[in-house]
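Written below as structure tokens is the structure these notes are about.
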Amino acid sequence: MESRPVPALILVAVLVVGGLAAGFIASQVEFERPTPKVSEPQLLDTDAIPGWATAPLPDFTQYSVVSEKKDAFFGYLFPRIALANLRIQAARDYLEQLSNKPELNEEERKWLTTRATRLRVDGETTEDLVSGLERRMHIIPPSLVLAQAANESAWGTSRFATQGNNLFGQWCFNPGCGLVPNSRPAGMTHEVEVFESPYRSIRAYLTNLNRHNAYQNLRERRLALLNENRFPDGINLAGGLQSYSERGQAYVEEIRSMIRVNNLSDYDQRQQALSAAENPLEKLDALISDHRERFSN
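The sequence shown begins at 1 in full-length UniProt numbering and counts up one residue at a time.
Dropping the structure here:
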């Protein structure tokens, strides 16, 4: 009589062979799995920018009391400066995540090269770009921003501020890109750039300090503080502004004096607290509401 396999043994054989095949396929899938994508922070999403950020510049000429004008000016600008800095910090955090990945996908490489181009960072490799961006992509202390904005815009009342939302006297060089200075020397072609909002002026100013060769000393001062685990302060970084004005060191000392007289270093501490907060946008919304209540017409 011809023997036949026992049905139970056949079932066992099928399960064993099938299990080995499945394990082989699973191992192949695991081996070929792409590097997980790192999610870009919500703060970097343009749609996430609150509406108040791009509100127009108030009329600061309405304040006859100097202290009230200063409070209105600083209260209007600080949340917008803080928001711009928080976006820089979010970009730095994202950069750190990318630096820890063995390989970037196409979208991540595009993000990296776009930021490198914006901040004028050259490099042949991902490591070169990350290293360069780590030095240039960082916050500017609000005390310095506020002092320069007050100085350059005559407390938000200059022609360039009221007509062009330009708080820092940034130049542009394409005809029609801005406002022509009344005192522009013959033969000069620069204009004072026009921005959609004061917030855009702040963003452009921060980018300028973070990328222009003239402010290399400012960035080196910031890096030295960060290496000592100290939050960058305006008094120190102002020393890197000698090229911002033809007045050189005299301009630096004037900015430092404005920081001290107006206690602007307090805003650096507030920025530091916001950077560490879990809900910084909610806290900025509260600041905006408070400012509106205090200075509503």
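Built from N, CA and C at the ideal position, the CB exists for glycine as well. Keep in mind it's a predicted model, so treat the numbers as computed, not measured.
Item checked: Buried or exposed (CB count within 10 angstroms, at least 16 for buried), residue 186 -> Against the sequence shown, residue 186 aligns to sequence position 186. Residue 186 comes out exposed.
Item checked: Separation of residue 258 from residue 295, as counted between CA atoms -> Taking the sequence shown and counting its residues from 1, one reaches residue 295 at position 295. Taking the sequence shown and counting its residues from 1, one reaches residue 258 at position 258. When rounded, the distance between both Cα atoms is 23 Å.
Check: Quick one: what's got a C-beta closer than 7 Å to residue 242's C-beta in the same chain, skipping five residues either side?
Finding: For this step, residue 242 is matched to residue 242 along the sequence shown. Taken in chain order, the residues that qualify are 248, 249 and 252.
Notebook entry, point to check: Which same chain residues, not among the five before or five after residue 267, have their C-beta less than 7 Å away from its C-beta?
Noted result: If you number the sequence shown from 1, residue 267 lands on position 267. Within the same chain, residue 267 has close Cβ partners 78, 142, 143 and 146.
Next item on the list: Sort 151, 208, 239 and 179 by Cα distance to residue 222 and report the nearest one.
Entry: The count along the sequence shown starts at 1 and reaches residue 222 at position 222. Comparing Cα-Cα distances from residue 222 to each of 151, 208, 239 and 179, the minimum goes to 239.
Check: If you count every other CB in all the chains shown that lies within 10 Å of the CB of residue 153, and 16 or more means buried, which is it?
Finding: Working through the sequence shown from its first residue, we reach residue 153 at position 153. That one is buried.
Next item on the list: Within the stretch 49-75, note down every full alpha helix (DSSP H) run reaching 4 residues or more, in order along the chain.
Entry: List check, alpha helix (DSSP H) in window: nothing returned.
Notebook entry, point to check: Short check: CB of residue 179 to CB of residue 159, under 9 Å?
Noted result: The count along the sequence shown starts at 1 and reaches residue 179 at position 179. The count along the sequence shown starts at 1 and reaches residue 159 at position 159. Yes.
Checklist line | CB contact check: residue 234 to chain D, cutoff 9 Å | finding: The chain inventory of the structure shown lacks chain D, comprising one protein chain alone.
Next item on the list: Sort out for me which residues DSSP pairs residue 261 with in a bridge.
Entry: As a first step, residue 261 must be located in the sequence shown, where it is residue number 261. None, per the DSSP bridge assignment.
Next item on the list: Inspect the beta-carbon positions of residue 156 and residue 76 and report whether they are closer than 9 Å.
Entry: Taking the sequence shown and counting its residues from 1, one reaches residue 156 at position 156. Taking the sequence shown and counting its residues from 1, one reaches residue 76 at position 76. Closer than 9 Å, so yes.
Item checked: At least 3 beta-carbon pairs within less than 8 Å: the stretch 64-74 vs the stretch 97-115 -> With the cut-off at 8 Å, the stretch 64-74 and the stretch 97-115 do not touch.
Next item on the list: Report yes if the CB atom of residue 116 is closer than 9 Å to the CB atom of residue 80, and no otherwise.
Entry: For the purposes of this step, residue 116 is taken as residue 116 along the sequence shown, with counting starting at 1. For the purposes of this step, residue 80 is taken as residue 80 along the sequence shown, with counting starting at 1. No, Cβ-Cβ distance for residue 116 and residue 80 is not below 9 Å.
Margin query: In whole angstroms, give me the CA-to-CA distance for residue 69 and residue 109.
Written below: Counted from its first residue, the sequence shown places residue 69 at position 69. Counted from its first residue, the sequence shown places residue 109 at position 109. One alpha carbon belongs to residue 69, the other to residue 109, and they sit about 46 Å apart.
Checklist line | Per DSSP, the bridge partner or partners of residue 191 | finding: Sequence index remark: in the sequence shown, residue 191 carries index 191 (1-based). Bridge partners of residue 191: 172.
Note to self: Going by the DSSP bridge assignment, what does residue 179 pair with across the sheet?
What the structure shows: Reading the sequence shown from its first residue, position 179 is the one you call residue 179. BP columns for residue 179 point to 192.
Check: Does DSSP put residue 166 in a helix, in a strand, or in coil?
Finding: In the sequence shown, counting from the first residue as 1, residue 166 sits at position 166. The answer is coil: DSSP assigns residue 166 none of H, G, I, E or B.
Margin query: Taking the alpha-carbon of residue 151 as reference, which of 255, 205 and 50 has the nearest alpha-carbon?
Written below: For the purposes of this step, residue 151 is taken as the residue at position 151 of the sequence shown. It is 255.
Notebook entry, point to check: Going straight from the alpha carbon of residue 167 to that of residue 99, what length do you get?
Noted result: The residue labelled residue 167 in the question sits at position 167 within the sequence shown. The residue labelled residue 99 in the question sits at position 99 within the sequence shown. Answer to the nearest angstrom: the Cα atoms are 35 Å apart.
Check: Helix, strand or coil: how does DSSP classify residue 244 here?
Finding: Position 244 of the sequence shown, counting from 1, holds the residue named residue 244. Of the three classes helix, strand and coil, the one that applies to residue 244 here is coil, per DSSP.
Notebook entry, point to check: Is the stretch 215-235 close to the stretch 168-176, with three or more CB pairs under 8 Å?
Noted result: These segments do not touch.
Next item on the list: Please classify residue 195: is it buried, with 16 or more other beta-carbons within 10 angstroms of its beta-carbon, or exposed?
Entry: Locating residue 195 in the sequence shown gives position 195, counting from the first residue. With 16 or more other Cβ atoms within 10 Å, it is buried.
Notebook entry, point to check: Helix, strand or coil: how does DSSP classify residue 157 here?
Noted result: Reading the sequence shown from its first residue, position 157 is the one you call residue 157. If DSSP states are grouped into helix, strand and coil, residue 157 belongs with coil.
Next item on the list: Would you mind sorting residue 292 into buried or exposed? The rule is 16 or more other CB atoms within 10 Å of its CB.
Entry: Locating residue 292 in the sequence shown gives position 292, where the first residue counts as 1. Around the beta carbon of residue 292, a 10 Å sphere encloses fewer than 16 other beta carbons of the protein chains shown; the residue is thus reported as exposed.
Checklist line | Contact check, residue 83 vs residue 56, beta carbons under 9 Å | finding: Residue mapping note: residue 83 aligns to position 83 of the sequence shown, counting from 1. Residue mapping note: residue 56 aligns to position 56 of the sequence shown, counting from 1. Against a cut-off of 9 Å, the Cβ pair of residue 56 and residue 83 comes out as no contact.
Check: Beta carbon of residue 88, beta carbon of residue 232: below 9 Å?
Finding: Taking the first residue of the sequence shown as 1, we reach residue 88 at position 88. Taking the first residue of the sequence shown as 1, we reach residue 232 at position 232. No, these two residues do not count as a Cβ contact at 9 Å.
Check: Roughly how many angstroms lie between the CA atoms of residue 67 and residue 61, to the nearest whole one?
Finding: For the purposes of this step, residue 67 is identified with residue 67 of the sequence shown, where counting begins at 1. For the purposes of this step, residue 61 is identified with residue 61 of the sequence shown, where counting begins at 1. Between residue 67 and residue 61, the alpha-carbon positions lie close to 13 Å from each other.
Note to self: Going by DSSP in three states, residue 277 sits in which element: helix, strand or coil?
What the structure shows: Taking the sequence shown and counting its residues from 1, one reaches residue 277 at position 277. The DSSP-derived three-state label of residue 277 is coil.
Next item on the list: Within its chain, find whatever has a CB closer than 8 Å to the CB of residue 58; leave out the 5 residues flanking it on each side and keep chain order.
Entry: The residue labelled residue 58 in the question sits at position 58 within the sequence shown. Excluding positions up to five away in sequence, the list reads 72, 76, 156 and 295.
Next item on the list: Check residue 230 in the structure and name its three-state DSSP category.
Entry: One-based indexing of the sequence shown puts residue 230 at position 230. Note: residue 230 maps to coil in three-state DSSP.
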